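Novice: Would you mind keeping the following structure in view while I ask a few things?
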Amino acid sequence: MYVSAIFLPLLGAVLVGLFGRRLGDSVSQFLTCLAMGASALLSIPIFIEVALNGNAQTVTLVTFIASGDLVVDWALKFDTLSAVMVLTVSWVSFLVHVYSIGYMHHDPGIPRFMAYLSLFTFFMFMLVTADNLVQMFFGWEGVGLASYLLIGYWYERPTANAAAIKAFVVNRVGDFGFALGIFGCFVLFGTINLDQMFAAAPQMADATVSFFGVEWHALTIIGVLLFIGAMGKSAQIGLHTWLPDAMEGPTPVSALIHAATMVTAGVFMVARMSPLFEYAPAALALVVVVGAATAFFAATIGCVQNDIKRVIAYSTCSQLGYMFFALGVGAYQAAIFHLMTHAFFKALLFLSAGSVIHAMSDEQDMRNMGGLWKHIPLTYAMMWIGSLALAGVPVFAGYYSKDMILESAFAAGTGLGMLAFVLGIAAAFMTAFYSWRLLFMTFHGTPRANETVMAHVHESPPIMTVPLAALAVGAVFSGMVAYDHFVGDKHPAFWGDSIAYNVQGEAVAGAPAAHGADALAEGVVAVDDPVDDPVDDHGAAAEEAHGAAAQGVLERAHHVPLAIKLLPLVVSAAGIALAWLFYIRRPRYPMLVATAFPDTYRFLLNKWYFDELYDRVFVRPAFALGRALWRGGDGALIDGLGPDGMAAAASRIAARLRRFQTGYLYHYAFLMIIGVAVFVSWRLLQA
Amino acid sequence: MIEDMSLLSIITFLPLFGAACILLLVRGTEAEVAANSRWVALWTSGVTFALSLLVWAGFDPARADFQFVERFEWVPGYNIAYHMGIDGISLFFVLLSTFLTPLCVLASWEAIKTRVREYMVAFLVLETMMVGMFCALDYVLFYVFFEGVLIPMFLIIGVWGGPRRIYAAFKFFLYTLLGSVLMLLALLAMYLHAGTTDVPTLMVTTFPESMQIWLFLALLASFAVKVPMWPVHTWLPDAHVEAPTAGSVILAGVLLKMGAYGFLRFSVPMLPQATADMAGVIFVLSIIAVIYTSLVALAQQDMKKLIAYSSVAHMGFVTAGIFAMTQQAVEGAIFQMLSHGIVSAALFLCVGVVYDRLHTRDIDRYGGLATNMPKYALVFMLFMMASVGLPGTSGFVGEFLVMVGVFQVNTVVTLFIATGVILGAVYMLFLYRRVVFGKLEKADVKAMLDLSPREMAIFAPLVLVVLWMGLYPSTFLEPMHASVDNLITSYQAALAAGADGVAVAAR
Chain P
1 MYVSAIFLPL LGAVLVGLFG RRLGDSVSQF LTCLAMGASA LLSIPIFIEV
51 ALNGNAQTVT LVTFIASGDL VVDWALKFDT LSAVMVLTVS WVSFLVHVYS
101 IGYMHHDPGI PRFMAYLSLF TFFMFMLVTA DNLVQMFFGW EGVGLASYLL
151 IGYWYERPTA NAAAIKAFVV NRVGDFGFAL GIFGCFVLFG TINLDQMFAA
201 APQMADATVS FFGVEWHALT IIGVLLFIGA MGKSAQIGLH TWLPDAMEGP
251 TPVSALIHAA TMVTAGVFMV ARMSPLFEYA PAALALVVVV GAATAFFAAT
301 IGCVQNDIKR VIAYSTCSQL GYMFFALGVG AYQAAIFHLM THAFFKALLF
351 LSAGSVIHAM SDEQDMRNMG GLWKHIPLTY AMMWIGSLAL AGVPVFAGYY
401 SKDMILESAF AAGTGLGMLA FVLGIAAAFM TAFYSWRLLF MTFHGTPRAN
451 ETVMAHVHES PPIMTVPLAA LAVGAVFSGM VAYDHFVGDK HPAFWGDSIA
501 YNVQGEAVAG APAAHGADAL AEGVVAVDDP VDDPVDDHGA AAEEAHGAAA
551 QGVLERAHHV PLAIKLLPLV VSAAGIALAW LFYIRRPRYP MLVATAFPDT
601 YRFLLNKWYF DELYDRVFVR PAFALGRALW RGGDGALIDG LGPDGMAAAA
651 SRIAARLRRF QTGYLYHYAF LMIIGVAVFV SWRLLQA
Chain W
1001 MIEDMSLLSI ITFLPLFGAA CILLLVRGTE AEVAANSRWV ALWTSGVTFA
1051 LSLLVWAGFD PARADFQFVE RFEWVPGYNI AYHMGIDGIS LFFVLLSTFL
1101 TPLCVLASWE AIKTRVREYM VAFLVLETMM VGMFCALDYV LFYVFFEGVL
1151 IPMFLIIGVW GGPRRIYAAF KFFLYTLLGS VLMLLALLAM YLHAGTTDVP
1201 TLMVTTFPES MQIWLFLALL ASFAVKVPMW PVHTWLPDAH VEAPTAGSVI
1251 LAGVLLKMGA YGFLRFSVPM LPQATADMAG VIFVLSIIAV IYTSLVALAQ
1301 QDMKKLIAYS SVAHMGFVTA GIFAMTQQAV EGAIFQMLSH GIVSAALFLC
1351 VGVVYDRLHT RDIDRYGGLA TNMPKYALVF MLFMMASVGL PGTSGFVGEF
1401 LVMVGVFQVN TVVTLFIATG VILGAVYMLF LYRRVVFGKL EKADVKAMLD
1451 LSPREMAIFA PLVLVVLWMG LYPSTFLEPM HASVDNLITS YQAALAAGAD
1501 GVAVAAR
């Protein structure tokens, strides 16, 4: 059961990928959907057995790499965390597979597309079920490959090719950090097996490593390096530039890979490595800062974009920021909870957007839409559900998970937690604003598309709307149903030891509470606590606090003041109201605001100029340097002084020696003789 | 039982025998001669490969010493012997050589139209030299094979090469010249000191430290050119560009491994103190090789040049790995060489496929091949990803092990060479995009046909090996363990002895 759930998608991908042309389109679609569906069904008993009944297990297949002390297996590790991921990924993936049958039916390369989707799912499974860092890296790079292939799926478009390369390369920058993190783990622990590392983590809490001649706290370095990997995959600020461009891929791809699953791999990885991060408070602080900054920054850009998919892409970026600062304050469970609910409602939003694009004859610019709600009511309803869930309106899934994150950030009681809370609230306001901006611009007002397009507007076929409805069920109920287990009363039993438990105070089960102890001692809701709390006095005070602070950040989050709990709701409502004012009531306002603050507007529209900056700082200099080194270094310097220069010199000498002999063989022998002479005289002198 | 059959000599000299057959027995019209030469070459190299598999089967991975040893006096008065044998380090290089040669013969099947007989003879002689070099356990014998390799390669580039073949061949020759002379000097010096040229004996001979450094530099001059290490790499792009496809395949696949193999067989075990002293220099050169050539590869317009520069970068990983001298690093370096041997060979074959159709290597002349050559696009994609080091392909395992190994010794070196992983992705993806993706617009490119059955037959084994090495590398790593462990242990023992100031006599 365990093995087949993971490998069925690979089987589908290989069969259809190699023989798709002979099998034909419908057989290819059927085969991949069948394999994926079977895998999704199998994930349910796995989830029940592993997560609900608490029977975690690891299936070891064969040895992967063995060299000296480094021993790595191919193994499938099923604990609550991976079971949750497998369940989420397989179902979203299955629904996207089915949806793609409808969405891609005009496309000439259907088997290729389906094979890529299945291949992606397989790699994602390998990532989440890895029991060691190398296999995780295998899945990690594998999903990168699938993402590259799918972004560049329409390979005739230059923009798609550029976006694909960008995605791969930016991810590689992240992977560079990830790989170094793996090496660091191996040097520190002598193994890269997850369980063995986690068991050894407490002993390594104070280990240091020398880097550039300076002694660093080893786990902090490892944590930061791993987090760089996570930043690349999860499009955090600085390494986010590939994600919006990734929208060049077909919309089902955006939904599956660039919203619901792959981009959350970074969040998953940090949660998976949480037993190490527990001992790296400085790395966690970095995670908070980066996450909060991303949540805010991406939301600001989302407010002004006009491409329907890009708005949702920036929204994804922003939501990933939420997950990260949740991780950073130690609410790992809340981050995974949001990851799960987000997968459903973001996939729903993307696929609905796909349905809109499909209806609008491949138009993606919202300025050319409007007034669609009557024509495609079902899609409209789906979009509403998705937006309500995203904005965190009560009852919908996002309400439970997002509020949990914000409350955790507040309850963390650190300065950085407070910063994250403030930025998160601001982002929540903008989230509501841009979501309803999208709804209003797309579905309301007067139609701005030309008549031929409007005449063709039609609701999508059932093969597309049924998956939408299924996702809508998830977007409505997943938060409500899973709340108790993921972050509520039952969460300690549910998660078991698959995620480190609690950042502040309790830390990992049984380990001394090294950090954050005094933060707790000062009270549960200490808001303006200085950031410099940790590490320095883990003596008696920490031991004392340990008993008193059995409450982790999640428990404390349940006890924040009512005002804090209501604040996200209030700002969301305000955001919706503002969108209504701008795009329904007073459609002239957006233009007025844009002209009143032209610099700000341009800054946001151009996405904070990250692309331009990178182009000038990295891309162009690299190519210029390459040319300079080639012409100047290889051509002029090395060849000029080396072979070409020598050849020129040799021919001059040869001209003089011509009366004796010619030919290179002669030089060869001549030099040999000289060499022997030199050597013999050297020996003689030594003797 | 297999050990007694003089298998190594058979494998070594069978191709030479085939070459003699072609020269002496093949008669008839020009077309007949060409056809028969091809078939004889294919059969000879195929049988050689099959026999080399027997060596693999009979190889005992648990033993660290040399196996399949053959030894008889050659120049008895001077203690020079015909001594052959392999260990876990050389085993797979022999296999790599015998594996690639039949593929090269197949790849030249239609591409070479003039002087086919001589061409096939050159390739078979080349195979003899390559295999002999990896099996030789006598320094003189090694030297003969090591230098002998150059002659057929020189001819292959000079006779069947492109328009600037004379320049390329001479550049190739000039670079090698200096190194060879110095290596010969080192040989003489070691012979005078130890009184023998027997490699296993030399390995346990202790050379005075002052002498080691000079010997090391002399060997370095020769091996560095072959690797090639920066800054003596500039012959490689020219040689590749002008060589016929199969020539590039052997050049990248096997010849580039000779230098690094020389380090492992001679420099490290025989000159441990010098190795330890010089490791820093090698690290710096490796870092430069990785970053510098990766950047240069970005600027290339010629497909073969681009892949040639990428080879230099990949070999930078190898040299860094060898001189880190940890189990993972050395095994990684060997694995990386094998992987590079397969992957770069395959990439040159990929270039050859389109070159045979359009007769240009200019990247901009192509574009949109994914449309009319989907099979080619798939194969090319796989090898490109292997070159980039995607996990699951052979390229990853080597790079990963090297970096893990080097990280234990020097984190900063790892930091720098790891940037090569990023840059590698940039230039390879950029190449692939310009050749395979994009709109299919040019009329002559549109007319290109997808892979023929012969070409599929060439690529199929390469694809299998790349995936096999990537997914289950244990097959290839296991036979290395004992020999590499032995290498490192004796290296460290020698260093410790040197540090204690104890003069260790031959053990």
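First to last, the protein sequences are chains P and W. Counting along the first sequence from 1, when you hit position 228 you're at 228 in the working numbering, and nothing is skipped either side. Counting along the second sequence from 1, when you hit position 243 you're at 1243 in the working numbering, and nothing is skipped either side. Even for Gly, the Cβ is constructed at its ideal location relative to N, Cα and C. Predicted model only: the values in this text are computed from it and were never measured.
1. For T63(P), go through chain W and note every residue whose CB falls closer than 7 Å to its CB, in chain order.
2. Below 8 Å between beta carbons is the criterion; list the residues of the stretch 166–192 of chain P that meet it against any residue of chain W, in chain order.
3. Under 8 Å by Cβ, that's how I've got L226(P) and M262(P) pegged, so tell me the actual separation to the nearest angstrom.
4. Does any CB atom of chain W fall closer than 8 Å to the CB of I638(P)?
5. State the start and end residues of the unbroken alpha helix (DSSP H) segment that holds E1331(W).
6. At a cut of 8 Å, does the stretch 149–165 of chain P reach the stretch 245–253 of chain P through at least three beta carbon pairs?
7. Short of 7 Å in beta carbon distance, which residues of its chain neighbour R367(P), apart from the five on each side in sequence? Order them along the chain.
8. Taking only beta-carbon positions, decide if A944(W) is within less than 8 Å of chain P.
9. With a threshold of 8 Å between beta-carbons, can L119(P) be considered close to chain W, or not?
10. Go ahead and pull the three-state DSSP assignment for S67(P).
11. Leaving out five residues before and five after L1126(W) in sequence, what residues of the same chain have Cβ atoms less than 6 Å from its Cβ?
12. For L145(P), would you say it is in contact with chain W, using Cβ-to-Cβ distances shorter than 8 Å as the test?
13. Determine contact between the stretch 115–134 of chain P and the stretch 1–10 of chain P, defined as no fewer than three beta-carbon pairs at a distance below 8 Å.
14. Tell me where the alpha helix (DSSP H) around I1157(W) begins and ends.
15. Please identify the residue among V170(P), G479(P), V27(P) whose C-alpha is closest to the C-alpha of I110(P).
16. Using the rule of at least 16 other Cβ atoms within 10 Å of the residue's Cβ for burial, across every protein chain shown, is G1018(W) buried or exposed?
17. Looking only at DSSP bridge pairs, what is W216(P) linked to?
18. What's the gap between the Cα of M1130(W) and the Cα of A500(P)?
19. Please list the terminal residues of the continuous alpha helix (DSSP H) segment that includes M85(P).
20. For chain P, find out if any of its Cβ atoms is closer than 8 Å to the Cβ of I1151(W); answer yes or no.
21. Is the CB of G1161(W) under 8 Å away from at least one CB in chain P?
22. Counting C-beta neighbours from all protein chains within 10 Å, is the total for Q236(P) 16 or more, i.e. buried, or is it exposed?
23. Specify whether the stretch 74–92 of chain P and the stretch 55–64 of chain P touch according to this definition: at least 3 beta carbon pairs, one from each stretch, less than 8 Å apart.
24. Please list the partners that W630(P) has in chain W, where partner means a Cβ-to-Cβ separation under 7 Å.
25. Check the Cβ-Cβ distances between M1456(W) and every residue of chain P, and say whether any is below 8 Å.
26. I'd like to know whether the C-beta atoms of V1094(W) and S1045(W) end up nearer to each other than 8 Å.
27. At least one CB of chain P closer than 8 Å to the CB of E1331(W): is that the case?
28. Taking all protein chains shown into account, do 16 or more other C-beta atoms lie within 10 angstroms of the C-beta of G547(P), making it buried, or fewer, making it exposed?
29. With a threshold of 8 Å between beta carbons, is M231(P) in contact with chain W?
30. With N132(P) and I192(P) assumed to form a contact (beta carbons below 8 Å), what rounded beta-carbon distance in angstroms separates them?
31. Put M749(P) into one of helix, strand or coil per three-state DSSP.
32. Do T1393(W) and G1332(W) come within 8 Å of each other at the CB atom, strictly closer than that value?
33. In the DSSP output, which residue or residues are listed as bridge partners for A1136(W)?
34. In the DSSP output, what is R1071(W) paired with across the bridge?
35. I think A1194(W) touches A1218(W), with their Cβ atoms under 8 Å apart; what is that distance to the nearest whole Å?
36. By Cβ distance below 6 Å, which residues in the same chain neighbour F582(P) in space, the five residues on each side in sequence not counted?
Specialist: From the atom records:
1. S1474
2. F168, V169, R172, V173, D175, F176, A179, L180, I182, F183, G184, F186, V187
3. Contact doesn't hold; Cβ gap of about 17 Å is too wide.
4. yes
5. 1327–1358
6. yes
7. N306, R448
8. This structure gives no information on residue 944(W), because the portion of chain W shown stretches from 1001 to 1507.
9. no
10. strand
11. P1152
12. yes
13. yes
14. 1150–1160
15. V27(P)
16. buried
17. V209(P)
18. 56 Å
19. 80–103
20. no
21. no
22. buried
23. yes
24. V1296, A1299
25. no
26. no
27. yes
28. Annotation note: pLDDT 38 at G547(P) (below 50); position unreliable, coordinate value reported separately. When all chains shown are included, G547(P) counts as exposed.
29. no
30. 5 Å
31. Missing from the structure shown is residue 749(P); chain P here goes from 1 to 687 and no further.
32. no
33. M1084(W)
34. H1083(W)
35. No, A1194(W) and A1218(W) are not in contact; Cβ-Cβ is about 15 Å, not under 8 Å.
36. Y589, P590
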